[in-house]
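Taking it in order: structure first as structure tokens, then the write-up.
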Amino acid sequence: MATEPNAQIRPAELLKQYGCGPIQFTGDDGLYERHLLFDNVTDLEAVRAREQYEAFAHSVRDVLSQRWLLTQKTYERENPKRVHYLSMEFLLGRSLANNVTNLMLDPLVTQTAKQHKVDVLPLLEQEPDAGLGNGGLGRLAACFIDSMATMQLPAIGYGLRYEYGIFKQSLQDGWQHEQGDKWLRRPDPWEVVRPDEAVKVKLNCSFQMQGGTFQAVPGRPSTLLGIPYDRPVVGYGGKTINTLRLWSAAACNSFDFQEFSSGAFAEALADTLAAESLTRVLYPDDSTSKGQGLRFLQEYFLVACSLADLVRRYRLSNTDWNTLADKVAIQLNDTHPAMAVPELMRILLDEAQLGWDQAWDLTKKSLAYTNHTLLPEALEKWPLEWFETMLPRHLEIILEINRRLLDDVRSRFPGDGQRVERISLVEEGGQRKIRMANLAIVGSHSTNGVAAIHSELLRKTTVKELADLFPERFNNKTNGVTPRRWLLLANPVLAQTITEAIGDGWINDLDQLSKLRPFAENEAFRHAFLRAKRNAKSQFAAWLKATSGHVVSVDSIFDSQVKRIHEYKRQLLNALRVVVLYNRLRENPNLEMTPRTFFFAGKAAPAYRLAKLIIKFINNLAGTIDGDSVVRGRLKVLFLPEYCVSLAERLIPASDVSTQISTAGYEASGTSNMKFMMNGALTIGTRDGATIEMAEAAGEENFFLFGLTAEQVAGGRGSYSPHWHYENEPETRAALDLIFSDHFSQNEPGIFAPLRDTLLTSGDFYMHLADLKAYLEADQRLVDLYARPEDWARKAILNIAGSGKFSSDRTIREYATDIWAAKPCPVP
761 MATEPNAQIR PAELLKQYGC GPIQFTGDDG LYERHLLFDN VTDLEAVRAR
811 EQYEAFAHSV RDVLSQRWLL TQKTYERENP KRVHYLSMEF LLGRSLANNV
861 TNLMLDPLVT QTAKQHKVDV LPLLEQEPDA GLGNGGLGRL AACFIDSMAT
911 MQLPAIGYGL RYEYGIFKQS LQDGWQHEQG DKWLRRPDPW EVVRPDEAVK
961 VKLNCSFQMQ GGTFQAVPGR PSTLLGIPYD RPVVGYGGKT INTLRLWSAA
1011 ACNSFDFQEF SSGAFAEALA DTLAAESLTR VLYPDDSTSK GQGLRFLQEY
1061 FLVACSLADL VRRYRLSNTD WNTLADKVAI QLNDTHPAMA VPELMRILLD
1111 EAQLGWDQAW DLTKKSLAYT NHTLLPEALE KWPLEWFETM LPRHLEIILE
1161 INRRLLDDVR SRFPGDGQRV ERISLVEEGG QRKIRMANLA IVGSHSTNGV
1211 AAIHSELLRK TTVKELADLF PERFNNKTNG VTPRRWLLLA NPVLAQTITE
1261 AIGDGWINDL DQLSKLRPFA ENEAFRHAFL RAKRNAKSQF AAWLKATSGH
1311 VVSVDSIFDS QVKRIHEYKR QLLNALRVVV LYNRLRENPN LEMTPRTFFF
1361 AGKAAPAYRL AKLIIKFINN LAGTIDGDSV VRGRLKVLFL PEYCVSLAER
1411 LIPASDVSTQ ISTAGYEASG TSNMKFMMNG ALTIGTRDGA TIEMAEAAGE
1461 ENFFLFGLTA EQVAGGRGSY SPHWHYENEP ETRAALDLIF SDHFSQNEPG
1511 IFAPLRDTLL TSGDFYMHLA DLKAYLEADQ RLVDLYARPE DWARKAILNI
1561 AGSGKFSSDR TIREYATDIW AAKPCPVP
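When you read off a place in the sequence shown, starting at 1, and then add 760, the result is the number in this note's numbering.
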């Protein structure tokens, strides 16, 4: 757990601070002992690590519960404008250590663990990462709700309670394999179920079992139940404890006794199985129509439950619908919750009985939309017929919105049929589809990108016509990450080193890290930084050996690329770099080369075959290098399976180098880049996403930037030839020839042929070969600097000092001021 910046506070005073009165955390009849004994009715002499974890977690929840309840009562009494953050993902990680850190209860936990002779680290391992997200989108949402609570903003997060998460990743013969991630196999001590606040969600169809699968039955309405599960969101210092409300799907009529009695066992439970399947997994395989249909329903279920709940809360304290936008701010995290536009209109039109113009004005003023991607395939489009089958009233509303929108466009741009076609909410063609990004933009008062370059490209390219139509709605909010989890908790030695130099004010005000700039010239501080980095590397290496058997040298450069596996993120370019270095050593075994360890981690979507082949190639590359006596010990490649928050908390502090090499113009922002930066890793990367702003903040001379810019990528599409690089760059050609000669697949000849198709035959859409030579040149500059530890430390410290802008506190402050008009509501 984290360094304790307020160690002078006594444990009893901490408990009193949270309203616990005479309750004791430890000692005779204390919280921990009571939970240990009574929750599981377990002999204290035979208690296991899982029971110890649950007792600690329940004890911490007991401490925060009164403050949690007081927060909600304060909001009800003060009736402030509340923020409602809707997201399909909340990648929380583990909660115990984070909650202890934010509550500043480290002294109590340390005291209790010592008294009961409990090793805290194995105990923390008993908590699974919450299976509520996949990547940067979900982790950003988790950072945001942390910042909202820390900044005492009245806010609630809304998501889905996935039973299995996305999937558990394992490696078999180098291939990714997916297994169910049943993270809720054991009771989760952090969630509180609220069945009395369940929400009914109505559909215009029902489902029946046919041939072992569920089939929609149009025209036969059905109703689902949304059961809310609440989790505490603890702000740093414990003053405000907000709520993350997750919805679990259930059937209203869960059991047909007559069918069951007649022997139709599966049919009797069909409604239950169909309903519960809705929140079974995050992102069902969308390579099939059925998978897409399930995702469509998931998104509506999230929106319907959340809007019903927030309207209920609003109506508890407000009777005038005209004040809705003054009291309610709804943020749509990407296009997934875009159905909030017709759903809120439905509520205002059909339930509140407002007129169209009034309902539309309130809807736009209440809703705001964050776009997270420039990739066309990620801007969701749902078949119009699905709305006809399941949500016909919503389709009526969408088509009326579209009619009015297009009438306005035609009046403002007469004769411009192509503009009308691009702006339309309905994509015409073989199968008519609803453009969810267009719907979100038209139905909200704010659309923001998540990095300066992303927001500019969004306005000028992706949705240019809509930006021309509503220029005042577009803005930028560069992403950020919470320093509490990603520095204070994840890297306690470095955090303490920083605190000793500049005080602990940086924990809540990351801009204070700028005070470290003069320390880059301080020899003692540089050495302290290098010791902290060495400590993090040693701890990671020890953990890796203990959990996987892999041995890595802490004397090597730790170079990490950790993110979702996708062609535009270019893990393949990184692997090509390694192949070139490998070739150099094969050709000249006496070549001087600093030992390197390259870490890859991330999941590929189950239906994304090329991404899974890239994982396979990385693993085959790793095996070939390990089996080659010439390079063994000088180069090492490791693909770390099951990338998650807990793994990131270990790897990021240990990394010397952050690899951020997406094709320029394709990465919206990135957040791993920020975490690496504030932990003192140096970035090698392209001018893309937030990396551009990070380099501006720390100084480009302290980054290793290379490659084509977004403008060069876009402008060079027509003339780009990967064959030119193959023919004219010897190291590029040698690397590709080695791959295609089956050197890395001797027992699986031809397996990497699709990589040839991607890089050469099909034109190398993401321009790997265009950037490879410049990448290698930047890599050499990096290695040369690493050979001078004092200079390396100086640049690393300047990176930390420049990372203050990339706190999620800054991002949320901008959202609150510029978009939500929300103010803090302190809890007494």
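All C-beta atoms, glycine included, are put in the ideal place defined by N, C-alpha and C. Bear in mind that the values here come from a model prediction, so they are computed numbers and not experimental data.
Threshold first: 3 residues or longer. Then list the beta strand (DSSP E) segments lying entirely within the segment 821-876, N to C.
842-846
Counting C-beta neighbours from all protein chains within 10 Å, is the total for Phe798 16 or more, i.e. buried, or is it exposed?
Taking the first residue of the sequence shown as 1, we reach residue 798 at position 38. So Phe798 counts as exposed.
Along the chain, which unbroken stretches of the beta strand (DSSP E) at least 3 residues long are found entirely within the segment 1368-1447?
1395-1400, 1417-1420, 1442-1445
For Asn1208, the first and last residue of its enclosing beta strand (DSSP E)
The residue labelled residue 1208 in the question sits at position 448 within the sequence shown. Looking at the DSSP string, the run of the beta strand (DSSP E) that includes Asn1208 is 1207-1209.
What number of angstroms, rounded off, separates the C-alpha of Ser1432 from the C-alpha of Val1322?
To locate residue 1432, count along the sequence shown from 1; it is residue 672. To locate residue 1322, count along the sequence shown from 1; it is residue 562. Spanning the two alpha carbons is a distance of roughly 8 Å.
Have a look at Arg1369 and Tyr813 and give me their C-alpha separation to the nearest angstrom.
Taking the sequence shown and counting its residues from 1, the one referred to as residue 1369 is at position 609. Taking the sequence shown and counting its residues from 1, the one referred to as residue 813 is at position 53. Taking the straight line from one Cα to the other gives about 39 Å.
Coarse secondary structure for Arg1192, derived from DSSP in three states
Numbered from its first residue, the sequence shown carries residue 1192 at position 432. It is coil, neither helix nor strand.
Going by DSSP in three states, Phe1466 sits in which element: helix, strand or coil?
As a first step, residue 1466 is located in the sequence shown; it is residue number 706 there, counting from the start. Phe1466 carries a coil assignment under DSSP once its states are collapsed to helix, strand and coil.
Taking a contact to mean a Cβ-Cβ separation below 8 Å, would you say Thr1130 touches Leu1139 in this structure?
Position 370 of the sequence shown, counted from the start, is the residue given in the question as residue 1130. Position 379 of the sequence shown, counted from the start, is the residue given in the question as residue 1139. It is not a contact, given that the beta carbons lie outside the stated cut-off.
Would the beta-carbon of Leu1255 fall within 8 Å of that of Phe1285?
In the sequence shown, residue 1255 corresponds to position 495, counting from 1. In the sequence shown, residue 1285 corresponds to position 525, counting from 1. Correcting the residue type first, residue 1255 is Ala in the shown sequence and not Leu. No, the pair does not count as a contact, with Cβ atoms beyond the cut-off.
So, with DSSP's three-state summary, where would you put Glu764?
Locating residue 764 in the sequence shown gives position 4, where the first residue counts as 1. Note that Glu764 scores 43 on pLDDT, short of 50, meaning its location in the model is unreliable; the coordinates nonetheless yield the value given after this. Here Glu764 sits in coil by DSSP.
Starting from Ala1261 and walking both ways along the beta strand (DSSP E), at which residues does that stretch end?
The residue you call residue 1261 lines up with position 501 of the sequence shown. Looking at the DSSP string, Ala1261 is not in any beta strand (DSSP E); the run it does join, the alpha helix (DSSP H), is 1252-1262.
By the 10 Å Cβ neighbour count, where 16 or more other Cβ atoms means buried, how is Asn1488 classified, buried or exposed?
Translated into positions along the sequence shown, residue 1488 becomes position 728. Counting Cβ neighbours within 10 Å, Asn1488 comes out exposed, since fewer than 16 surround it.
Is it buried or exposed, Pro914, if we count other Cβ atoms within 10 angstroms and call 16 or more buried?
Counting from one through the sequence shown, the residue named residue 914 turns up at place 154. With 16 or more other Cβ atoms within 10 Å, it is buried.
Taking 8 Å as the cut-off, decide whether the C-beta atoms of Phe1504 and Phe1377 are in contact.
As a position in the sequence shown, residue 1504 is number 744, starting the count at 1. As a position in the sequence shown, residue 1377 is number 617, starting the count at 1. Taking 8 Å as the Cβ cut-off, Phe1504 and Phe1377 qualify as a contacting pair.
Under the three-state DSSP convention, the category Leu1029 falls into
Residue numbering aside, residue 1029 sits at position 269 when the sequence shown is read from its first letter. The predicted model places Leu1029 with a pLDDT of 47, which falls under 50 and marks its position as unreliable; any figure quoted below should be read in that light. Leu1029 falls in the coil class under three-state DSSP.
Could you check what DSSP says for Ser1313 in three-state terms: helix, strand or coil?
As a position in the sequence shown, residue 1313 is number 553, starting the count at 1. If DSSP states are grouped into helix, strand and coil, Ser1313 belongs with coil.
Could you pull out every unbroken alpha helix (DSSP H) segment of at least 4 residues lying fully inside the segment 1472-1510, listed in chain order?
Taken in chain order, the complete alpha helix (DSSP H) segments of 4 or more residues contained in the segment 1472-1510 are 1482-1488, 1490-1500.
Give a yes or no on contact between the segment 1550-1566 and the segment 1470-1484, applying the rule of three or more CB pairs nearer than 8 Å.
Touching, no, given that fewer than three Cβ pairs across the two stretches are closer than 8 Å.
Determine the direct distance from the alpha carbon of Gly1393 to that of Ser1316, and round the result to whole angstroms.
Counted from its first residue, the sequence shown places residue 1316 at position 556. Counted from its first residue, the sequence shown places residue 1393 at position 633. If I take the Cα positions, the gap works out to 9 Å.
Using only the alpha-carbon positions, how far apart do Thr1242 and Leu1290 sit?
Translated into positions along the sequence shown, residue 1242 becomes position 482. Translated into positions along the sequence shown, residue 1290 becomes position 530. Roughly 23 Å between the two C-alpha positions.
Given a threshold of 16 other Cβ atoms within 10 Å of its Cβ, counted over all protein chains shown, does Trp1580 qualify as buried or as exposed?
Against the sequence shown, residue 1580 aligns to sequence position 820. Flag for Trp1580 reads buried.
Tell me the DSSP bridge mates of Asp990?
Along the sequence shown, one-based indexing puts residue 990 at 230. Paired residues: Val952, Arg1005.
I need the straight-line Cα distance from Leu1104 to Val1253, nearest angstrom please.
The residue given as residue 1104 occupies position 344 in the sequence shown. The residue given as residue 1253 occupies position 493 in the sequence shown. Straight-line spacing of the CA atoms in Leu1104 and Val1253 works out to 48 Å.
So for Glu938, helix, strand or coil by DSSP?
On the sequence shown, position 178 is the one that residue 938 refers to. Reduced to three states, the DSSP call for Glu938 is strand.
Over the uninterrupted beta strand (DSSP E) stretch that includes Gly917, give me the two end residues.
As a position in the sequence shown, residue 917 is number 157, starting the count at 1. Start and end: 915-920.
Taking Cβ to Cβ, would you say Lys1125 is nearer than 8 Å to Gly1203?
Here residue 1125 corresponds to residue number 365 of the sequence shown, with the count starting at 1. Here residue 1203 corresponds to residue number 443 of the sequence shown, with the count starting at 1. No, these two residues do not count as a Cβ contact at 8 Å.
Candidates Trp1246, Ile1258, Ser1313: closest to Lys1297 by CA position
Working through the sequence shown from its first residue, we reach residue 1297 at position 537. Considering only alpha carbons, the answer is Ser1313.
Taking the beta carbon of Lys962 as the centre, do at least 16 other beta carbons fall within 10 Å, making it buried, or is it exposed?
The sequence position of residue 962 within the sequence shown is 202, counting from 1. So Lys962 ends up on the exposed side.
Kindly list the residues whose CB is nearer than 8 Å to the CB of Cys965, restricted to its own chain and excluding five residues on each side of it in sequence; keep chain order.
Here residue 965 is taken as the residue at index 205 of the sequence shown, counted from 1. So the qualifying residues of the chain are Ala976, Val977, Pro978, Gly979, Arg980, Pro981, Ser982, Thr1149, Met1150.
Identify which residue in Gly986, Ala1035, Lys999, Asp1094 has its Cα closest to the Cα of Ala1064.
Here residue 1064 refers to the residue found at position 304 when the sequence shown is read from its first residue. Closest option to Ala1064, Cα to Cα, is Gly986.
Three-way DSSP call (helix, strand, coil) for Ser1522 in this model
Indexing the sequence shown from 1 puts residue 1522 at position 762. Looking at Ser1522 - three-state DSSP - the assignment turns out to be coil, as it is neither helix nor strand.
Name the DSSP beta bridge partners of Ala976, please?
In the sequence shown, counting from the first residue as 1, residue 976 sits at position 216. Answer is Phe967, bridged to Ala976.
Answer yes or no: do Phe1436 and Ile1412 have a C-beta to C-beta separation smaller than 8 Å?
Numbered from 1 along the sequence shown, position 676 holds the residue referred to as residue 1436. Numbered from 1 along the sequence shown, position 652 holds the residue referred to as residue 1412. A contact, by the Cβ cut-off of 8 Å.
Enclosing beta strand (DSSP E) for Pro1143 [first to last residue]
Locating residue 1143 in the sequence shown gives position 383, where the first residue counts as 1. Per DSSP, Pro1143 belongs to the beta strand (DSSP E) from 1141-1143.
When DSSP labels each residue in this structure, what does Ala1024 get in the three-state scheme?
On the sequence shown, residue 1024 is found 264 positions in, with the first residue counted as 1. Unreliable positioning characterises Ala1024 in this predicted model, as indicated by a pLDDT of 49, which lies under 50. The coordinate reading is nonetheless provided below. Note: Ala1024 maps to coil in three-state DSSP.
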